[in-house]
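One line per chain: the protein sequences are A and B, in this order. Just so you know, we're using the UniProt record's numbering here: the first sequence kicks off at 1 and counts up by one. Just so you know, we're using the UniProt record's numbering here: the second sequence kicks off at 1 and counts up by one. Where is the CB? At the ideal position from N, CA and C, for every residue including glycine.
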Amino acid sequence: MTTPEQDQEFVTLVSGDGYEFILPRSTACISKTLRMMFDPLSKFSEALTGRCVLENISGEVLEKVCEYLCYNEKNKDQVNVPDMEIPPELCLELLMAADYLDV
Amino acid sequence: MAMRARQRIRAPRRGLTANKGDDFETNWADLSTSLKKIHTKDASNLSFEQLYRNSYNIVLMMRGEDLYERIKKLEQDWLDDEVKTRVTAAISSSLLLAKELAEVQDQANERREAGERFLAAMREAFEDHQLCMGMITDVLMYMDRVMSTDHRKPSIYAAAMALFRDHVLRSPIRSDAKTTVVDVLESTILFMIQLERSGQIIDRPLISHCVTMLEGLYETITEEESSKLYLTLFEPAFLDASKRFYQAEGRRLLETGDAATFCKVATDRLAEETERCMYTLASSTAPKIKEVLDRELIENNIAEVVNLEGTGVRQMLDNDRLDSLRSIYVLSARVDPKKSPLTTAVQKRIVEMGKEINAGAVELAQTPAEPKKPADKGEKAKKPAEKEKPVNQQTAAAIKWVDDILGLKKKFDNIWEDSFQSDHVMQSAITTSFSEFINSESRSSEYLSLFFDENLKKGIKGKTETEVDSLLDNGITLLRYVKDKDMFEAYYKKHLSRRLLMKRSVSMDAERQMISKMKLEVGNQFTQRLEAMFKDMTISEDLTASYKEHAKKTGDPNTKRIDLDINVLTSTMWPMEIMASATRDNVQLGCIYPKEVESVKQSFEQYYLGKHSGRKLSWQPTMGTADIRLEFPRSNGKIQRHELNVSTYAMVILLLFNDVPTGEFLTYTDIKERTRITDHDLIRNLQALAVAQKTRVLRKEPMSRDVKSTDKFFFNNDFQSPFLKVRIGVVSGSANKVESQDQRKETEKKMSEERGASIEAAIVRIMKQRKSLTHSKLMTEVLSQLSARFVPDVNMIKKRIESLIDREYLERVEEDPPTYGYVA
Numbered sequence: 001m002t003t004p005e006q007d008q009e010f011v012t013l014v015s016g017d018g019y020e021f022i023l024p025r026s027t028a029c030i031s032k033t034l035r036m037m038f039d040p041l042s043k044f045s046e047a048l049t050g051r052c053v054l055e056n057i058s059g060e061v062l063e064k065v066c067e068y069l070c071y072n073e074k075n076k077d078q079v080n081v082p083d084m085e086i087p088p089e090l091c092l093e094l095l096m097a098a099d100y101l102d103v
Numbered sequence: 001m002a003m004r005a006r007q008r009i010r011a012p013r014r015g016l017t018a019n020k021g022d023d024f025e026t027n028w029a030d031l032s033t034s035l036k037k038i039h040t041k042d043a044s045n046l047s048f049e050q051l052y053r054n055s056y057n058i059v060l061m062m063r064g065e066d067l068y069e070r071i072k073k074l075e076q077d078w079l080d081d082e083v084k085t086r087v088t089a090a091i092s093s094s095l096l097l098a099k100e101l102a103e104v105q106d107q108a109n110e111r112r113e114a115g116e117r118f119l120a121a122m123r124e125a126f127e128d129h130q131l132c133m134g135m136i137t138d139v140l141m142y143m144d145r146v147m148s149t150d151h152r153k154p155s156i157y158a159a160a161m162a163l164f165r166d167h168v169l170r171s172p173i174r175s176d177a178k179t180t181v182v183d184v185l186e187s188t189i190l191f192m193i194q195l196e197r198s199g200q201i202i203d204r205p206l207i208s209h210c211v212t213m214l215e216g217l218y219e220t221i222t223e224e225e226s227s228k229l230y231l232t233l234f235e236p237a238f239l240d241a242s243k244r245f246y247q248a249e250g251r252r253l254l255e256t257g258d259a260a261t262f263c264k265v266a267t268d269r270l271a272e273e274t275e276r277c278m279y280t281l282a283s284s285t286a287p288k289i290k291e292v293l294d295r296e297l298i299e300n301n302i303a304e305v306v307n308l309e310g311t312g313v314r315q316m317l318d319n320d321r322l323d324s325l326r327s328i329y330v331l332s333a334r335v336d337p338k339k340s341p342l343t344t345a346v347q348k349r350i351v352e353m354g355k356e357i358n359a360g361a362v363e364l365a366q367t368p369a370e371p372k373k374p375a376d377k378g379e380k381a382k383k384p385a386e387k388e389k390p391v392n393q394q395t396a397a398a399i400k401w402v403d404d405i406l407g408l409k410k411k412f413d414n415i416w417e418d419s420f421q422s423d424h425v426m427q428s429a430i431t432t433s434f435s436e437f438i439n440s441e442s443r444s445s446e447y448l449s450l451f452f453d454e455n456l457k458k459g460i461k462g463k464t465e466t467e468v469d470s471l472l473d474n475g476i477t478l479l480r481y482v483k484d485k486d487m488f489e490a491y492y493k494k495h496l497s498r499r500l501l502m503k504r505s506v507s508m509d510a511e512r513q514m515i516s517k518m519k520l521e522v523g524n525q526f527t528q529r530l531e532a533m534f535k536d537m538t539i540s541e542d543l544t545a546s547y548k549e550h551a552k553k554t555g556d557p558n559t560k561r562i563d564l565d566i567n568v569l570t571s572t573m574w575p576m577e578i579m580a581s582a583t584r585d586n587v588q589l590g591c592i593y594p595k596e597v598e599s600v601k602q603s604f605e606q607y608y609l610g611k612h613s614g615r616k617l618s619w620q621p622t623m624g625t626a627d628i629r630l631e632f633p634r635s636n637g638k639i640q641r642h643e644l645n646v647s648t649y650a651m652v653i654l655l656l657f658n659d660v661p662t663g664e665f666l667t668y669t670d671i672k673e674r675t676r677i678t679d680h681d682l683i684r685n686l687q688a689l690a691v692a693q694k695t696r697v698l699r700k701e702p703m704s705r706d707v708k709s710t711d712k713f714f715f716n717n718d719f720q721s722p723f724l725k726v727r728i729g730v731v732s733g734s735a736n737k738v739e740s741q742d743q744r745k746e747t748e749k750k751m752s753e754e755r756g757a758s759i760e761a762a763i764v765r766i767m768k769q770r771k772s773l774t775h776s777k778l779m780t781e782v783l784s785q786l787s788a789r790f791v792p793d794v795n796m797i798k799k800r801i802e803s804l805i806d807r808e809y810l811e812r813v814e815e816d817p818p819t820y821g822y823v824a
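Now the structure itself:
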């Protein structure tokens with residue numbers, strides 16, 4: 001069990017094939033799905049533990065997702081941000097993940 | 001690498017459909033058990049991700065609609081089976097007596113407890129539902145996104161709320177009953193509010209929660225602002241109940257019959273309802289409930305409250321209940337910007353009090369108003385001392401009248417400032433009433449002028465400048481109310497002239513101040529003549545001085561014996577009464593002056609006419625005074641000297657006795673022949689000299705109060721007085737007093753003549769400017785032009801127009817509408 005402080009600061013995302021990514025809560029909450037998942041008001045296990053297993057996303061894709069989330073967080077207040085580099089072979093899977101996570 | 005990646009793109013997708021395609025039921029089974037767990041608050045073991053993925057998968061399988069419907073069904077079953085039973089179980093039978101207002105105390109208590117239980121259950125059910133639905137919605141977010149955007153369905157949350165509304169609130173409490181849960185809820189909340197209104201403490205947060213619930217539910221699925229259940233169901237019921245409550249309360253308060261209590265309760269209720277709306281109900285209701293209060297409690301009752309016998313506005317005014325007046329004002333102001341009941345009551349009271357003052361003045365002044373015609377010689381001379389008293393009393397009454405009114409005015413000014421928040425409508429109402437009753441007393445202008453007279457003569461002695469200032473200001477305030485300002489001017493002129501000529505005024509500064517105040521208040525035209533009178537006085541002073549200078553130079557021996565102070569008055573500027581006596585004297589041949597005086601008179605006439613050619617001097621002995629030194633040889637051989645200040649006529653009479661040896665006498669007829677003083681003046685002066693107790697310079701035979709033509713007059717050598725200087729006033733002539741009936745008639749006649757002239761002047765002025773004007777327009781213009789001075793009588797204006805047409809100043813231009821033209 002994590003302490004509430006950790007709960008506040010960081011969340012852990014786990015990919016379907018077992019990779020773990022630890023992100024600041026605010027960064028993760030750019031995704032609406034994740035935000036609801038970690039909403040402290042909801043009583044689901046994810047909110048209580050701060051750990052979420054995303055079974056249908058592979059580690060490779062989740063890494064890219066996390067990269068995007070950080071990238072978004074970093075540049076959120078700026079304009080004319082250059083596009084993030086996306087490897088074309090991941091395109092479709094990333095799109096599906098984006099749809100799933102609602103980013 | 002790239003190749004592998006591309007292959008992997010397809011793989012999961014195929015896998016998804018392949019794996020889960022026929023798996024809808026499994027997915028749903030998973031999901032539904034989880035959802036039930038959520039409802040039973042057993043969610044901590046559930047993985048959000050798992051549930052989310054479940055619904056995600058189902059939607060991807062294009063079974064979203066099925067899922068939506070199933071969830072709805074699930075919720076409905078849940079609400080029907082579980083929530084409803086719980087809620088209805090909390091409804092106890094005592095709550096069903098909703099329609100009967102609980103009068104019996106124990107029943108009320110019981111009901112109250114039951115109500116609280118029910119409300120608590122209700123709140124719990126709703127809060128649970130809200131929480132669960134929040135979680136479920138979160139889990140089903142993916143479905144919601146697809147369903148509400150692609151299929152235009154309301155979000156599952158809204159749908160679930162609607163289900164709650166339909167299946168819990170709208171469900172009958174028992175299978176056979178018609179009453180629904182929401183009805184019970186409504187009546188319970190109303191009952192609670194009722195309890196609070198009657199002074200008990202209720203669980204406000206509880207009610208507040210239930211109200212929030214109603215606010216959170218909508219009539220329709222589209223959730224428009226106006227279709228909140230609170231607005232459609234509860235608020236009307238609440239307002240209706242409040243209406244009935246306040247109607248009853250209004251009646252009850254009226255029955256107790258205390259206006260002050262009414263005001264207090266009403267004010268308290270207003271605050272209470274506002275607070276209730278803030279803390280218990282929705283703040284949007286506040287203006288509505290206030291409106292109900294305004295209408296039911298205040299507007300319908302305020303008139304009666306204002307007029308309540310014994311405690312209404314009248315008593316408040318009488319007893320200076322400023323607080324009560326203030327609250328009644330505030331209440332009235334809420335419902336009616338004109339505050340008509342209150343203003344009427346205040347006005348009525350002012351007029352009443354004013355009438356009392358008027359009546360008081362009349363009562364005080366009640367004397368058998370005997371006409372003072374000069375012809376009534378016998379009657380007039382009978383009891384001068386007694387006659388003087390009532391006249392003085394009348395004057396006192398006049399002054400008291402003014403003082404009373406000033407007191408009243410001050411009182412109402414106070415009330416107006418303190419209680420009516422300096423409201424303009426109230427001010428004008430008060431002003432109107434004041435002018436109404438002041439003008440209802442026909443002698444108001446005269447009284448007011450007397451008031452000034454009195455104050456300028458004695459009242460301001462020993463007062464500071466500011467006191468004098470405020471005193472005069474007060475008077476001026478009353479002048480503002482007087483409509484017939486020309487009447488006031490006439491009286492003021494008369495009184496002023498007496499003050500000036502008899503040198504009775506205490507302070508010329510105060511007089512000037514007064515004039516300038518009047519000028520400010522009424523206008524230039526009004527004070528023109530008054531100022532001219534002052535000018536005459538100053539010119540006369542210079543004239544006297546320069547005449548004395550002149551006399552010294554010419555070496556006229558007489559000037560050594562007689563000092564002449566002269567006042568030359570412009571006849572048009574001074575009051576008519578004084579000038580009128582001039583014309584009378586001319587007819588009768590002026591009074592014969594003793595030769596010493598005559599020579600001085602002629603010398604002055606020469607001097608004056610030499611300076612100003614083409615003028616005519618007429619002498620006014622009635623207005624003059626003389627200082628003469630008298631020697632009284634006593635029987636013991638001593639000689640007693642006195643300096644007497646007497647009227648001009650008395651001087652003339654006394655000088656006659658210079659030629660009369662001691663012991664001899666003059667009869668009335670003798671004196672009359674030798675002086676040619678009119679009967680009226682002669683009698684008055686002889687009375688002063690021979691009848692009045694302290695100033696008996698002459699002895700009369702027989703000793704009686706009347707002066708008859710056969711009376712004999714002796715010089716009184718035994719005249720006694722403790723003072724060296726003695727002032728002998730003329731009986732009823734010098735002091736400014738209330739006029740007798742005849743004098744009044746006279747003044748009024750003159751007034752109406754003068755008004756006629758003013759009206760004609762106004763008509764001509766207007767017509768000259770406009771050339772042609774309809775009758776009605778001319779009327780309004782004339783009225784507005786003259787209103788500063790007096791209120792003209794419409795008939796009089798008509799007559800004047802006729803007369804101007806006859807004299808060919810005007811002509812009739814048209815008949816319909818009647819129009820006049822100006823004839824140049």
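Point to revise | Exposure of B/R812, with buried meaning 16 or more beta-carbon neighbours within 10 Å | key: exposed
Practice item. Report the neighbours of A/E63 on chain B: residues whose CB is nearer than 7 Å to its CB, in chain order. Key: Going along chain B, no residue has its Cβ under 7 Å from A/E63, so there is no contact; the nearest lies around 13 Å.
**Study point:** Three-state secondary structure assigned by DSSP to A/L94
**Key:** helix
Point to revise | Cα-Cα separation between B/R70 and A/Q78, rounded to whole angstroms | key: 45 Å
Practice item. State yes or no: is the C-beta of B/T180 within less than 8 Å of the C-beta of B/S171? Key: In this structure, B/S171 lies closer than 8 Å to B/T180 by Cβ.
Exercise for review: Could you pull out every residue in the same chain whose Cβ sits closer than 6 Å to the Cβ of B/L51, ignoring the five residues on either side in sequence?
Suggested key: S34 and V139
**Study point:** Contact under 8 Å by Cβ, B/M479 with B/E436
**Key:** Reading off the sequence shown, one finds Leu at residue 479 of chain B, where the question assumed Met. It is not a contact, given that the beta carbons lie outside the stated cut-off.
Practice item. Could you list the residues in the region 11–23 of chain A with a C-beta less than 7 Å from some C-beta on chain B, going in chain order? Key: none
Check your understanding: Using the beta-carbon of each residue, which ones in chain A are nearer than 9 Å to B/Y157?
Key -> Within chain A, no residue comes near B/Y157; the closest Cβ sits about 13 Å away, beyond 9 Å.
Review point. When DSSP labels each residue in this structure, what does B/H642 get in the three-state scheme?
Key: strand
Check your understanding: In terms of residues, what are the limits of the alpha helix (DSSP H) holding B/K601?
Key -> K595 to K611
Check your understanding: By DSSP, does B/L281 sit in helix, in strand, or in coil?
Key -> coil
Exercise for review: From the DSSP output, read off the bridge partner residues of A/V53.
Suggested key: A/V14
Point to revise | Any 3 or more C-beta pairs closer than 8 Å across the region 683–690 of chain B and the region 643–659 of chain B | key: yes
Point to revise | CB contact flag (B/K37, B/L46, <8 Å) | key: In this structure, B/L46 lies closer than 8 Å to B/K37 by Cβ.
Check your understanding: In this structure, does DSSP put B/R326 in helix, strand or coil?
Key -> helix
Review point. Would DSSP call B/S647 helix, strand or coil?
Key: strand
Review point. What residue ranges within the region 444–482 of chain B form continuous beta strand (DSSP E) runs of no fewer than 3 residues, ordered along the chain?
Key: none
Check your understanding: Run through DSSP, which three-state label would B/R705 get?
Key -> coil
Review point. Is any beta-carbon of chain A found at less than 8 Å from that of B/G21?
Key: Its pLDDT being 46, under 50, B/G21 is placed unreliably by the model, and nothing is read from it.
Exercise for review: Return helix, strand or coil for B/E219, following the three-state DSSP convention.
Suggested key: coil
Check your understanding: Helix, strand or coil for A/G59 per DSSP?
Key -> helix
Check your understanding: Thinking C-alpha only, which one of A/Y19, A/N56 and A/G18 is nearest A/L101?
Key -> If you compare the alpha carbons of A/Y19, A/N56 and A/G18 with that of A/L101, the shortest gap goes to A/N56.
Review point. Under 8 Å, do B/S327 and B/L342 count as touching if we go by C-beta distance?
Key: No. Outside cutoff.
**Study point:** Within chain B, partners of A/M84 - CB distance below 7 Å
**Key:** The premise fails here: A/M84 is roughly 17 Å from chain B at the closest Cβ pair, so nothing lies under 7 Å.
Review point. Which residues of chain B have a Cβ atom closer than 8 Å to the Cβ of A/T33, listed in chain order?
Key: Chain B residues near A/T33: Y52, M141 and Y142.
Review point. With distances taken from CA atoms, which of B/I628, B/I415 and B/S433 is nearest B/G354?
Key: B/S433
Practice item. With a threshold of 16 other CB atoms inside 10 Å of the CB of B/Q347, please say whether the residue is buried or exposed. Key: buried
Practice item. Drop a sphere of 10 angstroms on the beta-carbon of B/E296, count the other beta-carbons inside from all chains shown, and report buried for 16 or more, exposed for fewer. Key: buried
Exercise for review: Starting from the beta carbon of B/E124, find every residue of chain A whose beta carbon is closer than 8 Å, and list them in chain order.
Suggested key: Within chain A, no C-beta atom comes less than 8 Å from the C-beta of B/E124; the nearest is roughly 17 Å away.
Check your understanding: What first and last residue would you give for the alpha helix (DSSP H) that runs through B/T188?
Key -> V181 to R197
Check your understanding: What residue from B/V600, B/L79 and B/T538 has the CA that sits closest to B/A125's CA?
Key -> B/A125 has its Cα closest to that of B/L79, out of B/V600, B/L79 and B/T538.
**Study point:** B/A271 burial status per 10 Å Cβ neighbour count (16 or more: buried)
**Key:** exposed
Point to revise | DSSP bridge partner residues for B/D294 (one or two, in chain order) | key: According to DSSP, B/D294 bridges with nothing at all.
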